[in-house]
Structures are given as C-alpha cells and as structure tokens.
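Okay, so here's the structure we're looking at.
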Amino acid sequence: MGRTMYGVIDDTGVLQYGQVFVQYSPSVRSPSKKVITHIGPVLVTKNPCLVGGDVRMFTAVYQSPLAHLRDVIVFPRYGPRPHTDEMAGSDLDGDEYIVIFDKDLFLNDNEEAMHFPKSIAPDYDTPPTTEDMIDFFLKYLSQDSIGRMSNAHLIMSDRLGLFHEICDGIARKCSIAVDFPKSGEPAEPLSPLEQSDVVPDFMQKSFKPSYRSNRLIGQLYRKVKKVENIVELAQVIPFADTVDPQLYDENLFDTHAHLVKSSIRLRDQYNAKLQQLMDEYGITDEASVVSGHSVTIKRITDMERDDYSYYHSDKIVEMRYNRIYDSFRREFFMEFGEESDFIMVDAFGQRGIRWNSALITKAKVWYAVCYGKRVMCPSKFRSFPWIVWDLLLIVKRRILIALKQSSPSIANPTSARLTAMIERFCESNAQRMKAMVAELTDGPSKLEPFAQYSKRYGRKLEMLCFVVDNWLSSEGVYEQSILRREHGITLLLQFGIGILHGKHSSLDLINQLTFLTPLVDGMGDEESEREYTIVAGMGDILISFVRYLASERFANARTLSMLLPHSKNTIGRRSLVLTKPYQWAMLNAARMILQVAFRTFHHLALTSTFEALHLEGGSEAWDFGESDMPTVIASDVCTNNGINLQRIIAALKKWCGVKEIMCRALRRDQLMVSSAGSITARQCLQRLLLIDQSRLIDHICSDTIPVEARNESL
Numbered sequence: 001m002g003r004t005m006y007g008v009i010d011d012t013g014v015l016q017y018g019q020v021f022v023q024y025s026p027s028v029r030s031p032s033k034k035v036i037t038h039i040g041p042v043l044v045t046k047n048p049c050l051v052g053g054d055v056r057m058f059t060a061v062y063q064s065p066l067a068h069l070r071d072v073i074v075f076p077r078y079g080p081r082p083h084t085d086e087m088a089g090s091d092l093d094g095d096e097y098i099v100i101f102d103k104d105l106f107l108n109d110n111e112e113a114m115h116f117p118k119s120i121a122p123d124y125d126t127p128p129t130t131e132d133m134i135d136f137f138l139k140y141l142s143q144d145s146i147g148r149m150s151n152a153h154l155i156m157s158d159r160l161g162l163f164h165e166i167c168d169g170i171a172r173k174c175s176i177a178v179d180f181p182k183s184g185e186p187a188e189p190l191s192p193l194e195q196s197d198v199v200p201d202f203m204q205k206s207f208k209p210s211y212r213s214n215r216l217i218g219q220l221y222r223k224v225k226k227v228e229n230i231v232e233l234a235q236v237i238p239f240a241d242t243v244d245p246q247l248y249d250e251n252l253f254d255t256h257a258h259l260v261k262s263s264i265r266l267r268d269q270y271n272a273k274l275q276q277l278m279d280e281y282g283i284t285d286e287a288s289v290v291s292g293h294s295v296t297i298k299r300i301t302d303m304e305r306d307d308y309s310y311y312h313s314d315k316i317v318e319m320r321y322n323r324i325y326d327s328f329r330r331e332f333f334m335e336f337g338e339e340s341d342f343i344m345v346d347a348f349g350q351r352g353i354r355w356n357s358a359l360i361t362k363a364k365v366w367y368a369v370c371y372g373k374r375v376m377c378p379s380k381f382r383s384f385p386w387i388v389w390d391l392l393l394i395v396k397r398r399i400l401i402a403l404k405q406s407s408p409s410i411a412n413p414t415s416a417r418l419t420a421m422i423e424r425f426c427e428s429n430a431q432r433m434k435a436m437v438a439e440l441t442d443g444p445s446k447l448e449p450f451a452q453y454s455k456r457y458g459r460k461l462e463m464l465c466f467v468v469d470n471w472l473s474s475e476g477v478y479e480q481s482i483l484r485r486e487h488g489i490t491l492l493l494q495f496g497i498g499i500l501h502g503k504h505s506s507l508d509l510i511n512q513l514t515f516l517t518p519l520v521d522g523m524g525d526e527e528s529e530r531e532y533t534i535v536a537g538m539g540d541i542l543i544s545f546v547r548y549l550a551s552e553r554f555a556n557a558r559t560l561s562m563l564l565p566h567s568k569n570t571i572g573r574r575s576l577v578l579t580k581p582y583q584w585a586m587l588n589a590a591r592m593i594l595q596v597a598f599r600t601f602h603h604l605a606l607t608s609t610f611e612a613l614h615l616e617g618g619s620e621a622w623d624f625g626e627s628d629m630p631t632v633i634a635s636d637v638c639t640n641n642g643i644n645l646q647r648i649i650a651a652l653k654k655w656c657g658v659k660e661i662m663c664r665a666l667r668r669d670q671l672m673v674s675s676a677g678s679i680t681a682r683q684c685l686q687r688l689l690l691i692d693q694s695r696l697i698d699h700i701c702s703d704t705i706p707v708e709a710r711n712e713s714l
C-alpha cells in the first residue's frame, strides 16, 4: 500500500517537474540486495498535513543515474516551486514523506498548494550563553502551541470543512508554530472563532462535550470502537493455564532441585517488577505490557493522546519492560558467559542461537517453575519463561523432528475445542435438540429443505443447526426482528452449499467453506437414500459461518432470498419466497444479524472462548462491562428544559437497556456520564448522548424512541 521514506533532492538533474524516483526494499524489517522500483502514479504527503494541497500526485519514473538510491523518495530540482515546499512548506532537512501506491487512494487532481509563511531566525552578534539557552527553553515550554493548534484545525475542519477560510488561517499559524524551535518566533494565539467548545467523538476528549462526527474519520472511529469494546472485555478474561507437555518436565524438580530453587527466586523478582510497572500505569493485564500495546493505561495528562513525541506513557512502559526483559535474559546466560557467545548468523543473514544441553535444561526449568503445579506461584503471570523463547522453540523443534514431523499440525486448536464444545452442548440439551429436529422434519412447521438435508447428512448437520438456532435465539434476534428459526437455519444451509448474499470477491468464493452437496433434480431413489458425510469440522464450519454473517458484504446485500435450489422451499404450508414488503423487513433484520455476528466473531477471535455463542455457563452476561471513557455533555440539557435528571436517566435506560447510568457534575456546567451494561446497550447510550440535545429532550417529552436507539449502524 505504501511506505514512509526520507526525502532527498535529485543532484543529477535527470528528474523533471512532476516526477519522482521511488525505489525500496521488499521488506522493512530485513535488508536485501533486491529492490522494487515503482513506476507510475504515486500519492505523496507529509506531516503535518493540514490543507488540501499538502497531498499531491506525482509520476514515479526510473532513471539509471539514481539507481543507487533506495528507501528514499527523490524530488526534482527543477520547477517554479520545489515540490517539497508545496507540502506543508517542507525543506528536506530530514523530513519524512508518506508515499502511497494504492490506486484506490489516488486523487484526480492536485489542489493548489498553500504559500506558508516563512519564519527566519534572528542573527546574533555573540554566541549564545547558557542563560540564553535556558531562557529560550523556558520560552519554548510556555509558548509551544502546535498541539493545541493542530487539534483546533482538526475540530474546525470536521465542523466547517477542510477548505474553509478559518481552517486555512489555523493552518498558517500551525506552520509558524512548527518552526518555532528553529526561528524563536511564536505563532499568534487562536482567535475565539478558531476555537470550539465541543469536539468530535473520535478525539475522545474527557473534558469537553462531544458531538457525533459524520465525516469519514468519525465513521472509521466508530467501527474501530466496536472492536475496542470487545478488546476491553477480553482483557478481564484470564488466560487458560494450559501446560505444554512437550515443554514441561516434572522430573526436573527432583533432578535439578538447586536450579529450581534459584529459578523460583528469579521468577518472583521478575513478577514483582512486572507488577510494579503495571500498578504505576494502571495496566490490568500482563499481555498489554509484554506486547507493548495497552488499551487502558494511566497517562501522565489527558492531553498526552495528542503527544507524538518519543517520550509518552506507551513508549516509557515499553522501554521499562525492555530493560526488565534484558536484565533477566542476561541473568539467564550469566553462568554460561555472555549471550553474544551463543549467537550465530547463517548464510541468509538470519540470527540464531547456538544451544547446548545445559541451556535447554535451564530454559525448561524456567518453564516448569512458572507453569508447574509442584511449586507455589503467588501471581498469575506466565511470561517469565518466554524471556528465553528461542530456546523453548528449539525444544519444540527437536521433539517434532524426533516425531518425524517437519512442522506443527495445521489443525486449528480453537476449532477443535469448539467442535468438542458443540458435542457436549448438544448432549446436555439432547431433548431440546430432538424437539427442534422433530418440529422441522415432521411437525406442522416442517422446513422442507432442512428435512431433505437432515435425511442426507444426519446428526452432524442437526447439531450445527441447533447451535446456530440457540445462538440467534439467545441473542434476541428472533424476538427483536422478523427473523425466525427457519430463516436462521436456511442461511446456514445456503452457506453450506456456497450461496453467499451480497457482492463477494473471487477470493471470497475461493476461500468459501462449502460442506454440503446441493440437491439435484431428478435424483433417483437410490441416490436420495444415500448418506453423505460432512468432512469439515463443526468448529471450522461455525466460525466460518459467523465470520460470513459479520461481513459488510452480507449486511449490504440488496436482496435476501430464502430459497435453496432443487428443493421444495416451504415451511408447513407457507412458501419461503418473500414478498417485497417482507423482503425489506428481512434486509433490516440482516443488519441486526451483522451486529450480533460482529460481536460474537471478534469476542471468539480475541478470547478463544465460546461464551458469545452461548455454549458455556454464564453466557447471558458475556458482554457485560463498564464504559471505558465517560461522555461529557452540557448540564443545561436538564436545567433549561424543565426536565429533571432522573427522568432523562430513566428514559435513556429504557431505550438502551443499560443497567446503570452514573452522572457526575464537572466545572463549566458539564456532566460526565458513564454506564454499565452490555456492549450493545452502552454503544446505544453513546449514540444517544451524541445527538443534538434539543432533539433528545423532544423525544423524552414525547416518549418516542430516537432512530439512533434502534439503528446500530449509526
């Protein structure tokens, strides 16, 4: 799609105005002698990117005199104005450029480039003294306003449009503010017209009222937020304490007791340092620290989210954990010498470790004292042995070689566990499943396609249909939409024979998991009596089906047919052919299926648990949680309308279904609103709080539900 590259000037003079030279390495991680030369249109920009002219189209060409340059973008030295200066007034003093090759992001034309004001540093007759540097640094701290001005530009661009004159004025001030460390000339303060009392929701400001942004960035933010809500739920789910039998050796506790004792001491020291780091920054789970990506972190200030400098909370946590990691890895190798003594590089430039039996034994002891049951571990942390992950990997490889397996099994362990869970669930609910099958095969609500396929494929298909029916019913899909049992099962049968609703790419069709053979007209008695087998695992089928229902392509289907080819498409005496009004209702129901499947699939993918499929205990409240970031609204929503706060809260709880709504008064006549409830309920409350407050009050007075409470796509 693109690369980030330093910009350089063409000192050979072969590039003409409008041309660039782009040549880059195939991988950003490992250098190689091979290069990729891009030829054709290319989109280029740099940060800060504040006006339309800062994003420009060029033509990338090949010039042999520049072939020695790679991983940089080369600009021509000819033209009425340097191309670099056209983009945010860049001057090639170490500037980085975003180079995009994706044709879907290309522009038809270039907007006129803005002429940014240039700041010139004053000349001094004498060299600067220490006092001068201190004074300048203090001035920089007090007058550095690039963050505030960039935020103001973002807010006003969202409200007024990028090309509004107010946005242009802020962009010019930003240009001066960026050069302030070099020029010493501060930008003029923002005028009242350039400031806003409200911010778009995607900025996630906890100290200002928010509104719902209808622009692309707002739409993308809300899509990502839906996944983030599920990520937050996944953080409170404990890791499965699964012990790898190929790494765990119980005998080590007896044969290497002294090594076990010292390893326990190091394990406790490591866990204590990790716990201290988590406590300091309010991080709730070990994985966030080890991976370097935390959803919830105690930041130094609320404005730190806008800090793009090197030293911010996320980076500090990463650096501190790296120091912990490095110190304990050095401790591991200390009795054997330096770690560098065991590092080797192969012919392909790949780093590896030269191991021996003593290293392997110590690595396995570290694993045993963390995962074993014979020693008491005061914490739930499991990352200690993975400090020497490369040695544990060697253990796994040796065992695979001994078992004559060149690579691990490609079977999906989550799918295998889900298959076993489906079998247990159907066994424990055998009477309910039997009643469903009887109703759909011989009862007054007989679903003819199901009866035909059930006769052909037997219990395995019946279990899949029962689980899908139970999932949709438990999620309230049947209760809150026009969909019924026959529709959910028909969608599964259609998926099984390869009928996908919506517009799908050829790649989707190639990867489609078809597990049923379509019925054929004119099938003889012998063929119709033949039993078929579903080869794919039930776990694989169910995961693929939920992923399909969660796709945007399914949600954007223009029609939703309930027919299956070469089958008597009836339920009882009713036809499954949909009339036009019924078809519209089905399409609206498909949107609801999308939201349910979206939550279910992402929860399954992130947690590897099956609560969202309602196959495990406590599944009724699998998505219960608290809002991670409160919403700030103006307190005059109730004071100026003669409606008390209790009535507003009661209406919101009724419409959204949240269990609790908490309000706290802030300064400047503002209320901070947080909630507890299911993901769906909390997202619904968020949508309602972002609509125009006068319209919200009108709905409360008339006791009518706003459309935002019913439509999850908003």
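The opening position of the sequence shown corresponds to residue 1 in the UniProt record's numbering, with each subsequent residue numbered one higher.
Each residue gets a CB set at the ideal place from its N, CA and C atoms; glycine is no exception.
Quantities reported herein were computed from a predicted structural model and do not represent experimental measurements.
With C-beta atoms as the reference, is Val227 less than 7 Å away from Ile155?
no
Under the DSSP definition of a beta bridge, which residues are partnered with Arg267?
Answer is none; Arg267 lacks a bridge partner.
Per DSSP, Cys426 is paired with what?
Beta-bridge pairing links Cys426 to no other residue.
Return helix, strand or coil for Glu228, following the three-state DSSP convention.
helix
I need the DSSP call for Thr533, collapsed to helix, strand or coil.
coil
Three Cβ pairs or more, each shorter than 8 Å: is that satisfied between the stretch 257-277 and the stretch 374-381?
yes
Closer than 6 Å by C-beta to Arg456: which residues in its own chain qualify, once you throw out the five before and the five after it? Chain order, please.
Tyr532
What are the residues that DSSP puts in a beta bridge with Leu43?
Answer is Met57 and Ile100.
What distance in whole Å lies between the Cβ atoms of Met538 and Lys654, which are believed to be in contact at a cut-off of 8 Å?
Contact doesn't hold; Cβ gap of about 40 Å is too wide.
Which whole-angstrom value is the C-beta distance of Leu549 and Leu594, which I expect to be below 8 Å?
7 Å
Could you name the residues that DSSP lists as bridge partners for Arg351?
Val345
Using only CA atoms, which one of Val99, Glu86, Arg558 and Thr130 lies nearest to Asn110?
The candidate whose alpha carbon is nearest that of Asn110 is Glu86.
Would you kindly check if the distance between the Cβ of Thr59 and the Cβ of Gly18 is under 7 Å?
Contact: yes.
Taking the alpha carbon of Glu96 as the point to measure from, which residue in Arg664, Val74, Lys139 and Arg81 has its own alpha carbon closest?
Of the candidates Arg664, Val74, Lys139 and Arg81, the residue whose Cα lies closest to the Cα of Glu96 is Val74.
Check the DSSP bridge columns for Gln19 and list the partner residues they point to.
Thr59
Under 8 Å by Cβ, that's how I've got Val42 and Val14 pegged, so tell me the actual separation to the nearest angstrom.
A Cβ-Cβ distance of about 17 Å is found for the pair Val42 and Val14, leaving them out of contact under the 8 Å criterion.
Determine the extent of the alpha helix (DSSP H) in which Tyr367 is found, giving its start and end residues.
Bounds of the alpha helix (DSSP H) holding Tyr367 are Ser357 to Tyr371.
Under 8 Å, with one C-beta from each stretch per pair, do the stretch 250-269 and the stretch 353-366 reach the 3-pair mark?
yes
Can you give me the C-alpha to C-alpha distance between Ser263 and Trp386, rounded to a whole angstrom?
13 Å
Helix, strand or coil: how does DSSP classify Pro565 here?
Looking at Pro565 - three-state DSSP - the assignment turns out to be coil, as it is neither helix nor strand.
Please state whether the Cβ-Cβ distance between Glu708 and Ile697 is less than 7 Å.
no
Between which residues of its own chain and residue 732 is the CB-CB distance below 7 Å, once the five residues before and five after are set aside?
Examination of residue 732 is not possible in this model, given that the chain is present from 1 through 714 alone.
Tell me whether Gly496 sits in a helix, a strand or coil according to DSSP, three-state version.
helix
DSSP three-state label for Val260, please.
helix
Check residue 789 in the structure and name its three-state DSSP category.
Residue 789 lies beyond the stretch modelled for the chain, which goes from 1 to 714, so this question has no answer here.
So, with DSSP's three-state summary, where would you put Phe630?
Position check: residue 630 holds Pro in this sequence, whereas Phe was assumed. Pro630 carries a coil assignment under DSSP once its states are collapsed to helix, strand and coil.
Can you tell me where the beta strand (DSSP E) holding Thr37 begins and where it ends?
Ile36 to His38
Between the beta-carbon of Ser674 and the beta-carbon of Pro706, is there less than 7 Å?
Taking a C-beta distance under 7 Å as the contact criterion, Ser674 and Pro706 do not qualify as a contact pair.
For Asp10, count neighbouring Cβ atoms within 10 angstroms of its own Cβ and tell me buried if that reaches 16, exposed if not.
So Asp10 ends up on the buried side.
To the nearest angstrom, how far is it from the Cα of Leu689 to the Cα of Tyr325?
44 Å
According to DSSP, simplified to helix, strand and coil, what is residue 718?
A query on residue 718 cannot be resolved here, the shown segment of the chain reaching from 1 to 714 and no further.
Sorted by chain position, which residues of the same chain lie with C-beta nearer than 8 Å to Phe466's C-beta, five sequence neighbours on each side aside?
Correct list, in chain order: Cys426, Asn429, Arg432, Met433, Met436 and Val437.
Let me know the secondary structure DSSP gives Gly524 once reduced to three states.
Because the pLDDT of Gly524 is 49, which lies under 50, any placement of that residue in the model is unreliable, and the question is left without a value.
For Pro200, which beta-bridge partners are listed by DSSP?
Tyr211
I need the straight-line Cα distance from Asp71 to Met5, nearest angstrom please.
6 Å
Excluding sequence positions up to five away, which residues of its chain have a Cβ less than 6 Å from the Cβ of Asp540?
Ser415
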